[in-house]
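Protein chains in written order, with UniProt numbering: chain A, 1 to 323; chain B, 1 to 323. Here is the structure we will look at.
Quick look at the structure:
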């Protein structure tokens with residue numbers, strides 16, 4: 001019998017990363033084990049040290065922008081994550097719910113949701129979630145005490161254990177968090193923007209045989225891998241004082257007919273105001289066998305302009321996938 | 001008598017922004033009033049509404065990278081900050097101190113600092129400062145309780161009022177914060193990196209006469225304005241789906257012999273995965289009269305490629321200035 005596939009995600013259990021991992025790889029079974037990493041760095045180490053086959057970590061949110069922790073680990077300034085490569089992505093629409101302790105079987109079922117809202121005296125969630133539900137909170141929970149917690153999952157856990165019947169507490173979290181902690185979803189879709197989406201990266205160790213056929217392992221890639229667009233992520237560092245070096249580096253991508261879809265930069269930490277740039281580009285469908293030749297050509301050219309550069313992976317555009 | 005110049009900074013009082021404002025404009029006097037804004041948005045509004053002549057706000061740290069709050073307000077998605085322009089910058093080396101309550105005149109002077117370290121049972125600072133003093137904390141304060149507070153200045157204030165003689169508390173903050181709150185600097189330079197620097201932007205209202213001659217008002221620009229390099233900040237938004245549009249926009253800067261010194265992006269919030277880009281470029285010294293012609297040429301060209309673009313200001317490179 002083959003060992004089950006080990007997939008780690010940025011924890012805690014029932015986090016949005018957990019949900020992205022479930023959607024990408026499927027539920028726990030004899031073929032698959034899912035486990036949380038308590039930090040971004042732990043998720044990266046799990047891959048580098050072959051303690052996991054895949055890691056699912058947030059990369060970018062459509063409202064809040066890039067996740068700097070992920071960029072800093074991909075920058076790999078100390079060479080700790082040398083074998084880590086991006087092999088996939090998953091787009092998760094962020095849905096927030098108002099969650100309370102599961103009512104006893106007879107209670108509350110004859111009250112409307114809005115009556116229950118009025119009995120709530122305290123709210124819990126992750127700091128970022130308040131701003132994503134402002135309209136709903138402004139309408140029903142003006143002036144109600146708010147308590148920041150370390151994750152939305154933690155918020156759901158806290159209210160699931162609330163046994164003070166005089167003080168009703170509610171959490172803002174996902175339906176997965178409610179389910180996981182045995183709590184009750186009082187209202188779905190309380191988020192301001194229906195299009196608030198987080199993009200997750202799927203990481204693997206490029207030296208690992210077990211994870212090399214990622215597309216056949218993902219739940220999402222069955223139909224379109226042959227025609228789907230691909231994305232490549234490349235990092236590079238330039239001499240800060242060289243005039244035009246950044247524009248020259250970027251023109252390499254243009255020369256190869258690549259559409260730059262995003263640019264990010266993080267401090268190099270070698271010297272102030274020197275940066276590591278992350279360029280993501282989109283290209284036409286290529287057979288996997290050609291991906292390597294393609295990126296090695298680009299890296300060769302970048303090498304003549306940049307102090308250093310690294311291929312961080314090529315994968316199928318997640319927006320071209322179907323579940 | 002002329003009204004004093006009103007300079008606001010990101011508060012609270014004795015923040016690093018306060019220090020940057022003092023270094024840029026000088027101390028409170030009959031000619032100058034300094035006052036804190038309690039948020040980034042308040043500092044921007046003060047300029048837009050002409051309640052301040054200048055605002056000093058953090059833009060980028062050499063270790064932690066860009067300050068997204070500032071980028072988001074410069075993005076000005078709702079058109080609230082139409083007249084705001086960058087007119088200067090200031091580089092502040094971040095120095096952290098270990099700060100305690102001012103000792104009574106007779107006490108502690110015969111003890112070495114390290115003896116006093118051992119009596120400290122709790123530490124306060126802003127979350128970001130812990131990571132900037134890891135070496136010092138690891139050596140002297142392993143396992144000591146840490147309390148996050150909203151600013152380093154607040155941390156200094158808390159310990160300045162600590163009157164429990166059995167529990168000695170210390171703050172990590174600047175010497176300005178110690179001075180402002182009447183606290184005592186036990187040890188200077190406890191930061192890990194001597195080169196940890198924050199770059200502050202100086203903002204003004206482009207329609208204001210009072211702030212138009214910024215270079216003559218700054219303490220730093222007396223010697224080198226004629227030969228100093230200049231920087232320009234431009235923001236633009238492109239059609240996300242247009243292949244090569246980002247590379248085309250960037251090539252406009254190259255055509256005008258501008259060295260791109262940084263690129264940042266933030267979500268447009270119009271639709272997911274569309275971005276507002278911020279490009280900063282460096283150019284040879286130009287007479288101020290020519291700055292406008294120069295940027296208007298660039299904007300004209302960008303206008304043919306981008307959905308929208310905006311000149312966010314031209315100013316003298318802060319690294320070319322002397323105090």
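Note that beta-carbon positions come from the ideal geometry of N, C-alpha and C, so glycine has one too. Fair warning: this is a prediction, and the values are worked out from it, not measured in the lab.
In the DSSP assignment, residue 148 (chain A) is bridged to A:125.
A direct Cα-Cα distance of roughly 32 Å separates residue 87 (chain B) from residue 307 (chain A). In the three-state scheme derived from DSSP, where H, G and I count as helix and E and B as strand, residue 251 (chain B) is classed as helix.
Beta-carbon to beta-carbon, residue 294 (chain B) and residue 236 (chain B) are separated by about 16 Å, too far to satisfy the 8 Å threshold. Taking 7 Å as the threshold, the shortest C-beta distance from residue 295 (chain B) to chain A does not fall below it. Per DSSP, reduced to three states, the secondary structure at residue 8 (chain B) is strand. Around the beta-carbon of residue 313 (chain A), 16 or more other beta-carbon atoms lie within 10 Å, marking it buried.
The criterion of a C-beta distance shorter than 7 Å is satisfied by residue 230 (chain B) and residue 283 (chain B).
Looking at A:81, A:157, A:183, A:195, the one whose alpha-carbon comes closest to that of residue 92 (chain A) is A:195. Taking residue 114 (chain B) as reference, the option from B:131, B:136, B:127 with the minimal CA-CA separation is B:136. CA-CA distance, residue 207 (chain B) to residue 296 (chain B), rounds to 17 Å.
Per DSSP, reduced to three states, the secondary structure at residue 273 (chain B) is coil, with no helix or strand assignment. Bounds of the beta strand (DSSP E) holding residue 88 (chain A) are 84-93.
Per the DSSP secondary-structure output, residue 60 (chain B) pairs in a beta bridge with B:66, B:199.
Nearest CB-CB separation between residue 263 (chain B) and chain A: below the 7 Å threshold. Residue contact check for residue 42 (chain A) against chain B: no CB pair falls below 7 Å.
In chain order, 267, 269 make up the part of chain A whose C-beta sits under 7 Å from the C-beta of residue 63 (chain B). For residue 141 (chain A), the secondary structure class from DSSP, reduced to helix, strand or coil, is coil. For chain A, none of the residues of the stretch 19-35 of chain B brings a beta carbon within less than 8 Å of one of its beta carbons. In this structure, residue 267 (chain B) and residue 63 (chain A) form a Cβ contact; the two beta carbons are roughly 6 Å apart against a cut-off of 8 Å. In this structure, the alpha-carbon of residue 234 (chain B) lies about 26 Å from that of residue 18 (chain B). Think of a sphere of 9 Å around the beta carbon of residue 195 (chain B): the chain A residues whose beta carbon falls inside it are 271, 272, in chain order. Taking a C-beta distance under 7 Å as the contact criterion, residue 30 (chain A) and residue 6 (chain A) do not qualify as a contact pair. Chain A places no beta carbon closer than 7 Å to that of residue 299 (chain B), leaving this residue out of the contacts.
For residue 262 (chain A), the uninterrupted beta strand (DSSP E) segment begins and ends at 259-267. Relative to residue 125 (chain A), the option among A:145, A:149, A:317, A:259 whose CA is nearest is A:149. Contact annotation: the stretch 74-86 of chain A does not touch the stretch 165-175 of chain A, with fewer than three C-beta pairs closer than 8 Å.
Burial state of residue 270 (chain A) is exposed, judged by a 10 Å Cβ sphere holding fewer than 16 other Cβ atoms. With a threshold of 7 Å between beta carbons, residue 230 (chain A) makes no contact with chain B. When rounded, the separation of the alpha-carbon atoms in residue 258 (chain B) and residue 280 (chain B) is 9 Å. 7 Å or more divides the Cβ of residue 47 (chain B) from the Cβ of residue 11 (chain B).
The beta carbon of residue 97 (chain B) sits closer than 7 Å to the beta carbons of 173, 174, 175, 178, 185, 187, 188, 190 from its chain, once the five residues preceding and following it are set aside; these are given in chain order. Flagged as an interface residue toward chain A: residue 247 (chain B), by a C-beta distance shorter than 7 Å. For residue 250 (chain A), the closest Cβ of chain B is nearer than 7 Å. For the stretch 3-18 of chain B, there are no residues whose beta carbon sits under 8 Å from a beta carbon of chain A.
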